[in-house]
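So the structure is just underneath, and the comments pick up after that.
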Amino acid sequence: MTFHFVLLLSRQGKTRLTKWYSTFTPKEKQRMIREVGSMVLNRSPKLCNFLEYKDYKIIARRYASLYFIMCVDKNDNELLTLEITHHYVKILDRYFGNVCELDLIFNFHKAYYILDELMIAGELQETSEKTVLRLIATQDALQENPGDGGKPGTI
Amino acid sequence: MPKKINAVKKLAYLQMLSYDITWAAFHMIEVMSSPKFTAKRVGYWAAAQSFREDTDVIMLATNLIKKDISSANVWDAGVALTCLSTICNADLARDLAADVVALLSHSKPYIRKKACLVLYKIFLKFPDALRPSFPRLKEKLEDTDPAVVSGAVNVICELARKNPKNYLSLAPGLYGLLTNSTNNWMLIKIVKLFGALLPLEPRLAKRLVAPLTNIINTTHAKSLLFECIQTCTIGLSDHLPTVKLCIVKLRSFVEDPDQNLKYLGLLALNNIMKVHPKAVAEHRDLVLRCLEDADMTIRLRALDLLEGMVSKRNLPEIIGKLLEQLESAEVKTYKDAIVEKIVLICSKSSYQHITDFEWYISVLIQLSQQQGLQHGATLSNQMLDVAVRVKVIQSMQTLLHDTAALSDDAQIGGNCEVLLAAAYIVGEFAIHVTDHLSTAEDLMQSSVSSLPAHIQAVYCQSALKIFAHALAVHHGIVSLHYLSSLSQRQNTQEEEEGEEESVEQEEIDEETMDSIAQLYLSKVDLFTHSPHIEVQERGCFLKEIVEVHVESAVEGDVAKEIWTMFTEPLNPVASKVQKKMPVPEGLDLDSWINEPPPEEEIEEVSGKGFDFLKESEEEKAEERKFDPVEEQKRAERERRRRANDPFYLGGKSYSPSSPGLNVDDIPVERLSLEDLGGIKPRFGKSAGIKKPRRKHADVVVMKDEMPEGQWEEERESDDGERDALADIDFNAPLRPEEQLPVQQHRTVKQVLPEKKEKREKKEKKEKRSKEDLKERRAKSTKKEGREGKEEKTKEGKERRKKIREEKREGGNKKSEPLLDLSPLPESAKSATTKAEPASKTAATNQKYKQLVENDAVSISFEARLNPKESKKVLLSLVIKNNGSETVSGIEISTDIESGLTAVNEANLKLAGSIKSGASHSQNTIFHCPSITTPPVFSGSVTYTVGKKTQTAEFHQTLPCNSFVVPSKIPKDEFIDMMTENSSQLKGGSATFHPENGKTFVISMATFLHIELISLEAGASLYGRTIQQHHVFVYAKPNPSNGSVQVDIRTTNQQLTNNLIKELTEAFPAA
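Residue numbers (this note's numbering), protein chains in the order written: chain B, 1 to 155; chain E, 10001 to 11070.
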């Protein structure tokens, strides 16, 4: 299993997105979010992006006010994980047009939809930015409520 | 519906904030089952977020997912697949494996790539699916769409980590991809995959050197470069130029200002070091520099590297650096890591790198003085180990150091474990002690009583040893300090202060002896009054011995006796020695020496008072024919018995009277030191030949003791836990019964006489496949390749053919309901319900009932409950086309006066058509306000055959018993509830005359969905309706005429009456 979970935290430690690819109990999940969160948030930006946590490796990177946290196996490629994170951020940016934290708060489900097109079962499924954007756009168009389709506004 | 969608979306948000929303699972399924994509997208996404493997409603969704992933609408299929990848559990994996495999040949690459990756999840949960479906997955490596290929590579890469052997045959194809592809994302996975394959096939290495070096030299992607280096270190470690190239690249990583690269560089160097320690050791300067890095993660990795870089020469320097680090470090975890590392580095391969052990002990003491670290036990073990193993170190000076540490450290809480070592060493090597009085004072100081019990016990024992030694010296049995006499003989220049003192004081005079004895007698209360039993016992022992000495005053005999208690030398014993001791010939450890008295157990229970008598008799009898082995057994028996005996204080209490328990003696006594080459006995004449202790090169480190002929390390054969996926072997040919399970539909319909025979056959077949399935499930964790199914081959082939055909249609075919959901035949039911607890799933009350049956269509339905939804019921409708023409436009409408109204009217219309012979299942949720009277599901169904529209009426009641959910509660709670609700309980009763009372009660429990609570005189049973009516049932047999009277009490009179009515109808003649 490549990814165990993906976690987005705000600088204040608020959860913005959680995606679990491996099975954990709700208690474990809460504990992990808490522990990983405190590890990541207390890190100085000058330090490296990799952290060891239990049997996993945490790859965390800050983009503006958001921390993108990925949890992978010990023997997984850390740089690849970083690149996937970057890939995800780029797609979010293209989709929302200069993405900011508010976009992800008001359209949190969109962030999930994009992630679901990018990754499945903890593996990268689509390497092309354009394809992902096209897929999401098509699906948005299929939705009944166009107001729910793109820009921030409704929830 | 839009409101519900929005609500579910909001719930998913709450779920993200760690709120529990499992109660809403049913609503999510509702949203998922909507035909609109808007709803499906949200529903599946919310389900993926909140469902867990054990969410009980997942099984309700099985059909829905099955239908959606095979849907003609790619987007529906897409969201369903995505959801499946997250919520997949073993049941889903088993039931949907065949459908997902079928999707591998979907026309859209979008679905193909998703199916590929979802398959991996399915293999994880249902490993049996791997072998039959792997060839299909393999084909995907040659897919036209790069994303699909990449997906297949991903899956195979993950699979290969578990058992690479199976995937060697793919190497040529992968090699092609490696050399031709330009997609770095995929290349990384391929390179990783080769990393798993390389160790298995040395020939691969030759082929791969060129492409890998090529990538390393040319690529700009650091991630790919890093992956190549990783693979090279695993697989090409024999190819020196490549390794050198890797190290050069890694050095540039470590020197890079980017912290990430630095970290990875160190990590990879660590891997190389395992194979080529020398090549890496050259870069020691680099690593030492990293120790000063600001980032702790990096420092930790550098620490790892240091471990392999130490040599005799640079050890003090490196340790010195580490100690500096320790001083300056702020974070506790890092400090801990340093301490651990120091101990690890120094003790590596029995202190191979250490030349000066006094230095090492001083390092250890320095470490023990660190505040707030929890390494007391580790350090204490190290000190003991060094003291016992290394002869030279057993010197006065170190021990004095220890005693000093002893008094200093007494207050430090965390490191008090070290005191155990110090006290023990002082006692065990009492022969090196010169100033007995002050040592004794240290051992008996009053602060000792604040230490943990096990340390106090050691203090006490050491005090005794010191005393014994002092006594022995006093009577001239041993000379005071044999090392000092040694050093005198050798005329060593540099003599320690302590030793000089000791030279002056050659003997212990009467006065000192007296003061020691007095000190002991005055302070021993410290131990004898201890609340810890072990300490107390040792204290008393000490007190007695000292008193014996004082009373018998001058006689040397006592002194000698006391001293001989402690003269046995202490040797390091390997931890596995006990296991490897050869069993003496003629000794059978498994046979009883005396048959155990058979009634022992019973007597123990019946009369505790007589135990003493019996025991002493037993003991007497055994004493007469004493035998050590028997003694051990007896002690073991005794111990086991005492474990449950409240009159004995449990645990480790030390009993000096039973020699069988003194385990420490066994291996040490039987082995003579002379058997072990290179190790000199510590006492006696040979001590004289010992080299002066400053000559470090000659330090003798004792190896662990092992029984003769057992020196070679045996490979321990415990593999640990094996992964089910790792056990699968592709080389064995597919066995006939090995195929993806295909769910078959089970309809309960009226059997027409002429068709009866056919049907029976079919049923048999289905039963068989069901059995197969069970069998396979049971076997899933065992190793493959077992024979013994040969006789079934023919049938198997036929079945496989059939399944293959079905699979081929799979894409367009309408889904069929699950085997597992369908009810068991009535006959089998009563027998099996006990075996599998009925409360396992939410939807236990299942039974397909015929709704409509005519020439054109047959509709059957089954009611399923969600215990959390009190006013709703899910009806699973199965519509089958009986005729020869396609049926379309099916629409079900319910009567207004019927008790059930659909939650979503749209679900009652069926958009598509059903081909002849095919069937379709539809889950619809109905409001069901009242369940105390059996709700009636009535209405009509209209459908079009050819061009004719027909209507069929239906009318079915949902019996009350189907709304009862078994709930297992403890007896006390049952009684409490009875009394609490007694005022509201409405009762009714009926009498039955069954053939067998017991079976009747069991089948009644099954019928009413209630749980057996207790069996006293009669059977008490309990269940609860989904609307929280209590259902208490009491069945009382009447032995005179064999009848059983059943009392039903519920909180609703109507419910009681209806349940009794249903019960009497179900068991009419009884």
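Beta carbons are placed, not taken as given, at the ideal position from N, Cα and C, and that holds for glycine.
Going by DSSP in three states, residue i sits in which element: helix, strand or coil?
i                  : result
Ser10438 (chain E) : helix
Met10513 (chain E) : helix
Ser10350 (chain E) : helix
Thr131 (chain B)   : helix
Trp20 (chain B)    : strand
His10454 (chain E) : helix
Asn55 (chain B)    : Per the sequence shown, residue 55 (chain B) should be read as Asp rather than Asn. Three-state result, Asp55 (chain B): coil.
Arg34 (chain B)    : helix
Ala11019 (chain E) : strand
Pro11071 (chain E) : In this structure chain E extends from 10001 to 11070, so residue 11071 (chain E) is not present and cannot be described.
His86 (chain B)    : helix
Gly10308 (chain E) : helix
Gln10950 (chain E) : strand
Ile10345 (chain E) : helix
Phe11032 (chain E) : strand
Cys10157 (chain E) : helix
Cys10960 (chain E) : helix
Ile10859 (chain E) : strand
Val10548 (chain E) : helix
Gly10889 (chain E) : strand
Phe10730 (chain E) : coil
Cys71 (chain B)    : strand
Considering only DSSP beta bridges, list what residue i is partnered with.
i                  : result
Gly11042 (chain E) : According to DSSP, which records beta bridges pairwise, Gly11042 (chain E) is partnered with nothing at all.
Thr15 (chain B)    : B:Leu9
Leu124 (chain B)   : B:Met119
Can you say whether residue i is buried or exposed, counting buried as having 16 or more other CB atoms within 10 angstroms of its CB?
i                  : result
Leu10014 (chain E) : exposed
Tyr88 (chain B)    : buried
Gln10382 (chain E) : buried
Ala10430 (chain E) : buried
Leu10877 (chain E) : buried
His10220 (chain E) : exposed
Leu10874 (chain E) : buried
Lys10189 (chain E) : buried
Asp10590 (chain E) : exposed
Asp10729 (chain E) : exposed
Thr10231 (chain E) : buried
Lys90 (chain B)    : exposed
Pro10741 (chain E) : buried
Thr10182 (chain E) : exposed
Leu10197 (chain E) : buried
Mind pulling the chain B residues with CB within less than 7 Å of residue i?
i                  : result
Asp10295 (chain E) : Leu47, Cys48
Tyr10013 (chain E) : Phe108
Thr10082 (chain E) : Asp116, Ile120
I want to verify the contact list: residues of chain E whose CB lies under 7 Å from the CB of residue i, in sequence order.
i               : result
Glu83 (chain B) : Ser10223
Along chain E, which residues have their Cβ under 8 Å away from the Cβ of residue i?
i               : result
Leu51 (chain B) : Thr10297
Asn42 (chain B) : Ordered by position in chain E, no residue passes the 8 Å Cβ test against Asn42 (chain B), which lies about 11 Å from the chain.
Please find out if some non-hydrogen atom of the ligand NAP comes closer than 8 Å to the beta-carbon of residue i.
i                  : result
Cys10290 (chain E) : Absence of the ligand NAP is noted for the structure shown, with no ligands found whatsoever.
Residues of chain E with CB under 9 Å from residue i, in chain order?
i                : result
Gln139 (chain B) : Phe10037, Arg10041, Trp10075, Gly10078, Val10079
Gln30 (chain B)  : Ser10018
Ile91 (chain B)  : What Ile91 (chain B) touches in chain E: nothing, since even the nearest Cβ is about 14 Å away.
Gln12 (chain B)  : By Cβ distance, chain E contributes nothing, its closest Cβ being about 13 Å from Gln12 (chain B), past 9 Å.
Ile136 (chain B) : Residues of chain E passing the Cβ test: none, with the nearest at roughly 11 Å.
Could you name the residues of chain B that residue i contacts, counting a contact when the two beta carbons are closer than 8 Å?
i                  : result
Gln10259 (chain E) : Lys46, Leu47, Cys48, Asn49
Trp10045 (chain E) : His109, Tyr112, Tyr113, Asp116
Legend entry - Those runs of the beta strand (DSSP E) which lie wholly inside the stretch 10239-10303 of chain E and span at least 3 residues: none
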